[in-house]
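Q: Quick note, the sequence shown lines up with residues 30 to 337 if you use the working numbering. Even glycine gets a Cβ: it sits at the ideal position worked out from N, Cα and C. Before I ask anything, here is the structure I am working with.
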Amino acid sequence: MKAAKSLVSPRRWCLTGTPIQNRIEDLTSLLKFLHFEPFAQSHAFMRYILDPLSKDTPNRTFSLQALLHTICLRRTEKLLDLPTPHFEKIVVRMCTEETSLYSEIVKKCARDVDEVVSTKKKKIKKYNVLFTAMMRLRRLCNHGTFPVCVPASTSSPSTSKIDAELESTLDLLEQHLQSKHIDYLRIDGRVKFEQRLLILQQFRESNVPVLLMSIQTGALGLNLTVASYVHIVEPQWNPSVEEQAIARAVRMGQTRSVTIIRYVVKNSVEENIVNLQKRKRNLAKFTLDERPRDGGNENLEVRRVDPW
């Protein structure tokens, strides 16, 4: 960030789909790059933007919204004449064995955290324990999601794009597709850029019905308007990651209504992630002067959005 800020230029421009990812303070990095004084200074941003938000007054949002209206131009998909996508949510329930294993992981995490706290180890150690537990819980959830998304991809000549974050999840999906003798293509972080282009061309021009893709792979100019279904089998901490994945299929040139299917495991960490997504969306909508979704007016005194 220091190197970018120190660049000498007559004009500065930030282009981003996610000005806020976790908290309103995320805006300061953009303001610093723009050299937009005095708000590029943390103390000024705190005094004139954050402090008013913590007060219970009718005009507490005025400074923030005035700032954004001054420096921000918004362009959304609403400007394009696109078919309205159809959203579905499939709730997956763990079996008895999975529920028991899930509970054991949660209990072990609680014991590990208690040990870290009682021995006064570094704070980062506690977060390492939590992160490890979260990854184990998410991997357990993944095993119950992959069989469900196959029928929709084979019931019609339409094509499907299945997005996952972990490559191990793609491995599971791959095995299941092979067992059902369903043709598929795959793109993940190990596939080189030139090879990705060839795979995408094959997906667009052939009759292969399924494309497995790591959700954060190949965002540059990716056009998947051939897909009629987008399956998101792992909810993301950052909702904008999912929205960008959807936009690869719902974009200029799309003439059909695309069905977006999200899979969430009931009574699991995935439900917590979905709730966190709602809070992050509402925070972003609020700062950009839109009416928040899924919950109306948020308590803006809580400026941070944390998963715990």
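Are the beta-carbon atoms of Ser257 and Thr188 separated by less than 8 Å?
A: If you number the sequence shown from 1, residue 257 lands on position 228. If you number the sequence shown from 1, residue 188 lands on position 159. Their beta carbons are under 8 Å apart, which means Ser257 touches Thr188 by this criterion.
Q: Relative to the C-alpha of His115, which residue among Val303, Asn304, Ser286 is closest?
A: The residue you call residue 115 lines up with position 86 of the sequence shown. Nearest C-alpha to His115: Ser286.
Q: Could you give the DSSP three-state label for Met75: helix, strand or coil?
A: Mapped onto the sequence shown, residue 75 falls at position 46. Three-state result, Met75: helix.
Q: Do you know whose CA, among Asn252, Gln245, Thr86, lies nearest Phe232's CA?
A: For the purposes of this step, residue 232 is taken as residue 203 along the sequence shown, with counting starting at 1. Taking only the C-alpha atoms, the option nearest Phe232 is Asn252.
Q: Span of the beta strand (DSSP E) holding Glu203?
A: Sequence index remark: in the sequence shown, residue 203 carries index 174 (1-based). Run containing Glu203: none in the beta strand (DSSP E); it sits in the alpha helix (DSSP H), 196-208.
Q: Given a threshold of 16 other Cβ atoms within 10 Å of its Cβ, counted over all protein chains shown, does Phe74 qualify as buried or as exposed?
A: Looking up residue 74 in the sequence shown gives position 45. Buried, because 16 or more other Cβ atoms sit within 10 Å of the Cβ of Phe74.
Q: With a 10 Å radius around its C-beta and 16 neighbouring C-beta atoms as the bar for buried, classify Ala191 as buried or exposed.
A: Here the question's residue 191 lines up with position 162 in the sequence shown. Here residue 191 turns out to be Ile, not Ala, going by the sequence shown. Burial call: buried.
Q: With a 10 Å radius around its C-beta and 16 neighbouring C-beta atoms as the bar for buried, classify Ser35 as buried or exposed.
A: In the sequence shown, residue 35 corresponds to position 6, counting from 1. Exposed: under 16 other Cβ atoms inside 10 Å.
Q: To which residues does DSSP link Lys118 through a beta bridge?
A: As a working note, residue 118 is residue 89 in the sequence shown. Beta-bridge pairing links Lys118 to Arg291.
Q: How far does the alpha helix (DSSP H) with Leu60 in it extend, from its first residue to its last?
A: Reading the sequence shown from its first residue, position 31 is the one you call residue 60. First-last of the alpha helix (DSSP H) with Leu60: 56-63.
Q: Which residues does DSSP list as the beta-bridge partners of Arg215?
A: Locating residue 215 in the sequence shown gives position 186, counting from the first residue. Leu241.
Q: Consult DSSP for Ala276 and reduce its assignment to one of helix, strand or coil.
A: The residue given as residue 276 occupies position 247 in the sequence shown. Ala276: helix per DSSP, three-state reduction.
Q: Quick one, which of Glu299, Gln306, Leu305 has its alpha-carbon nearest Ile119's?
A: Mapped onto the sequence shown, residue 119 falls at position 90. When only C-alpha atoms are compared, the closest one is Glu299.
Q: What residues in its chain sit with their C-beta under 8 Å from that of Gln283, if we drop five residues either side in the sequence?
A: The residue given as residue 283 occupies position 254 in the sequence shown. Here the set comprises Leu111, Pro112, Thr254.
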